[in-house]
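Structure, as structure tokens:
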Amino acid sequence: MSEQHTNTEGNQHDGEHADVYDFQAIQDKWLPVWDELKPFAAGKAGDPRPRKYILDMFPYPSGDLHMGHAEAFCFGDAVARYWRGQGFDVLHPIGWDSFGLPAENAAIKRGIDPREWTYANIDQQKTSFRTYAPSFDWDRVLHTSDPEYYKWNQWLFLKMYEKGLAYRKASWVNWDPVDQTVLANEQVLDDGTSERSGAVVVKKKLTQWYFKITDYADRLLDDLNQLEGSWPSKVLSMQRNWIGRSIGAEVDFEVEGYDEKVKVFTTRPDTLFGATFMVVAPDADLAADLVTGATPEIQAEFQTYLTAVQKTSEVDRQSAEREKTGMFIGRYAINPVNGERLPIWTADYVLADYGHGAVMAVPAHDQRDLDFAKTFDLSIRIVVDTTQAVTDVVPVIALDDNGDPIEPFDIESIDPAVTGKALGGEGRLTNSGPLNGMSKSNAIKKAIELLEERGTGRAAKTYRLRDWLISRQRYWGTPIPILHGEDGELIPVSEDQLPVKLPSSEGLDLKPKGASPLGAAEAWASVTDPDTGRKLRRDPDTMDTFVDSSWYFLRFLSAQDNTQAFDPAEADKWAPVDQYVGGVEHAILHLLYARFITKVLFDLGYVNFTEPFSAVLNQGMVLLDGSKMSKSKGNLVEFDSELKQHGADALRLTLAFAGPPEEDIDWADVSVQGSAKFLARAWRVAKDVTSAPDANWSKGDQALRRHTHRFLAEVPGLSESFKFNVVIARLMELTNVTRKAIDSGAGPADPAVREAAEVIAVALNMFAPYTAEDMWNRLGYPATVATVTWRKADPTLLVADQVTAVVQVDGKLRAKLEVSPKISGDDLKALALDAEGIQRSLAGREIVNVIVRAPKLVNIATKPAE
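According to the working numbering, the sequence shown is numbered sequentially starting from 135.
Next comes the structure, spelled out in structure tokens:
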């Protein structure tokens, strides 16, 4: 050892020869051994074991590891070590998600190359990981910012482009005014701010690259059914809501003086007769087209309104509390079911990317339409009777589905124009011509039939999901492998020219300014076609870093293979991932994109599965005094300091013991010192064993053996349901029972003590690998305990030789008896009545009834003796 230090028992000594538990000495002893043995290298030739792929969400190198990393990798490693102990060849790799804005912003702040900042942080995290000792296969490490990795991002892009799934178009996009780059919809938080910079996101019209994820919307939604029970229900719900499939009809509206028909999607085609106006999103292309040719006054008013809307977040635009704004644009649409002229308005409560950017407004039955209609004094018409009132006010005679008259309703009691509340829910159609009297569901079907017969509409689906915007106007990312001709032609870079490497950042101004810095790297951006001599330019944008992480689990299978993104044969062996571990904050973005890319690769014939992760485990957050840790708040617990003060094992054990993985942990409520004391106690159990490794366990203390085998029987089920805190509680119980056997029972030479100590060491490896390894070594075995297969419980030792029978008198506990589990009811009754405590309780009482449930319960009912 290089230095003296304090161990958990308060002594100082050279740990190599110590007789007391010293975490630092143990760490120093075993790290180099594991480095030499490489016990976690997976997929060795000829390995006959079944395979398991356990994967942690790889970290971003924003600095050293923090407590969130400590928790996540604690759980992921417990899973990996458990399955190794069950006889599996476990693949458990690690890499770094190393492209992205944080590195670029940090480099700008420090005046350095993003590479320098990124790889320095990776080196620091690697050092911390080595000490923390997750069971990674260190021969498969990847960094997404390496050309050897992002070459295959570009390859994937080209495959998507060939398939028609990568395309470029001009559209309104989310713009981060601080980071000066576009954001995907998923990167805009619920409050309308950027998840990156925190700035309020605005709309900007740009030409951008997209992946056509909407082509896979149905599959992404329907395939969630196969993940029920193995993914958290919360995550499944979040994915379903984000995809947001709506079923209804697409309706064609003619517009006076406009050559093209306007398509409107509605989930309620049954309410077409109730449409009294149309609303177009101001930032939809349709709005600009319809305003063209209007009076100069309307055009000027529209431009002013559009400018104001672009400064408003989508969250604000959708707020029910916000006062409705809008303007009439001087045009009329024709309702295809009744020929009525509908005035066309533009209003910010309609979004450009919903349906076709236009809605038919039915104010009587939609609250936002109603609020708008009341604000601008527009017509409101009821077409669904949602009451059972019989006042004869409405003159229309409505018929039900059987053709029988429906009693008219009291319009005054429900009129939205009066109440200000739109009518929702079920009801019968009224004021709707051929739909009158029908229920909602039947009217929807009939309305679609009428539209299709007339050629003015059709059944349709729409989705909340929008195509994935992947281009970013920043430097530190994967260059998009497209060349641009002077005539606007798009020319894919040939695969044999990959990777298109990032140029050096030297001389480039990386500060965000709305255009990618790569465009200014003239020597890189300007290209001459060697065959034709014509001038071309490289696409200046880089890819969203979620492209990097959408398929990285496959790259781990062939991390050192420079000839292909991954070997399909290796994917057949290992994938999909059996257990994925990470934070719920990635429930939409990352998981959705990974699912999409997997389905694309399936369609291209590269993989034989359609879902990337068979099971997902989300861990909670590590808090301090009820709040998320933050340097700015001054409530940060430093991972490195905890590691140095208490050691990796105590830190890992504390996190796993604090509660179920999915729950948050408050560091103020846990005890690392308590974990350290338990580890010292377990370590001393192994140290005190004096029997030889070949001792005959069957001749040992049977009571202790029963404890040991009950542990072996119970812990696999607990581990596979992620009840790691309960597993640790059982380990503590077994350690205490074994300690008692050593000190006051069978003694350290008893074979049952050795058996228990070995079981403790093997199971403790899940949470405290250093301590477990040292215990295993002291028990006389070579490294490494991490590769030892768990023993199976002996069923003969699971049958108790005695059980505790409870004896109650008038419902109150009066005695406990140790009896054979095979005792008869009569014998148990006799023992109970003869028990001294029961005799005292029965004094002066008459027995009314005795209920016996052998072997565990006797209940005696009494009354006062006469």
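C-beta: ideal position from N, C-alpha, C; glycine also.
- A556 sits in coil when the DSSP states are folded into three classes, being neither helix nor strand.
- Under DSSP, V224 shares a beta bridge with K186.
- Take the alpha-carbon of D247 and the one of A241: they are about 6 Å apart.
- A straight line joining the alpha-carbon of L688 with that of E620 spans about 38 Å.
- In the DSSP annotation of this structure, the continuous segment of the beta strand (DSSP E) that includes R592 starts and ends at G591 to Y597.
- The C-beta separation of W685 from R672 comes to about 23 Å, leaving the pair out of contact by the 8 Å criterion.
- Look at K397 here: in three-state DSSP terms it is strand.
- Looking only at G221, L225, D273 and R215, the smallest Cα-Cα distance to D695 is reached by D273.
- About 18 Å separates the CB atoms of L292 and D349; that is not less than 8 Å, and the two are not in contact.
- The criterion of a C-beta distance shorter than 7 Å is satisfied by F207 and D190.
- A residue is called buried when at least 16 other Cβ atoms come within 10 angstroms of its Cβ; A782 meets this threshold and is buried.
- Secondary structure within the segment 627–660: the alpha helix (DSSP H) runs of 4 or more consecutive residues, fully enclosed, are 656–659 (chain order).
- Secondary structure of T509 (DSSP, three-state): helix.
- Per the coordinates, the alpha-carbon of G959 lies some 29 Å from the alpha-carbon of H843.
- Residue pairing from DSSP places Y392 in a beta bridge opposite V389.
- Looking at the DSSP output, F462 bridges to W479.
- In this structure, Q501 lies near A556, with their beta-carbon atoms less than 7 Å apart.
- A check of alpha carbon separations from T553 across K574, G567, I516 and N570 identifies I516 as the nearest.
- For F411, the pairing in a beta bridge is given by DSSP as A495.
- It is roughly 13 Å from the alpha-carbon of T824 to the alpha-carbon of D877.
- Within the DSSP bridge table, the entry for M677 names S605 as partners.
- V496 is not a Cβ neighbour of T564, given a cutoff of 7 Å.
- In the displayed model, Q161 falls within a helix according to three-state DSSP.
- The beta-carbon separation of D223 and G177, rounded to 7 Å, stays under the 8 Å limit for a contact.
- Residue pairing of R302 in beta bridges, as defined by DSSP: W343.
- In the structure shown, Q936 falls within a coil segment according to DSSP collapsed to helix, strand and coil.
- In summary, E238 is buried, with 16 or more beta-carbon neighbours lying within 10 Å of its beta-carbon over all protein chains present.
- The segment 298–313 makes no contact with the segment 706–718; the number of CB pairs closer than 8 Å stays below 3.
- Listed in chain order, the non-local C-beta contacts of Q314 below 7 Å within the same chain comprise Q607, P646, K647 and G648, local neighbours out to five positions each way being set aside.
- Counting only runs of 3 or more residues that sit fully inside the segment 908–955, the beta strand (DSSP E) segments are 937–943 and 946–953, in chain order.
- Annotation: the continuous beta strand (DSSP E) that includes G717 extends over Q713 to G717.
- Nearest in C-alpha terms to R864, of all of A897, S832 and R839, is A897.
- By the neighbour-count criterion, in which a residue is buried when 16 or more other Cβ atoms sit within 10 angstroms of its Cβ, V982 is exposed.
- In the assembly as shown, V933 is an exposed residue. Its beta-carbon has fewer than 16 other beta-carbons within 10 Å.
- G219 counts as buried, since no fewer than 16 other beta carbons sit within 10 angstroms of its beta carbon.
- Here the alpha carbon of T676 sits roughly 21 Å from the alpha carbon of A333.
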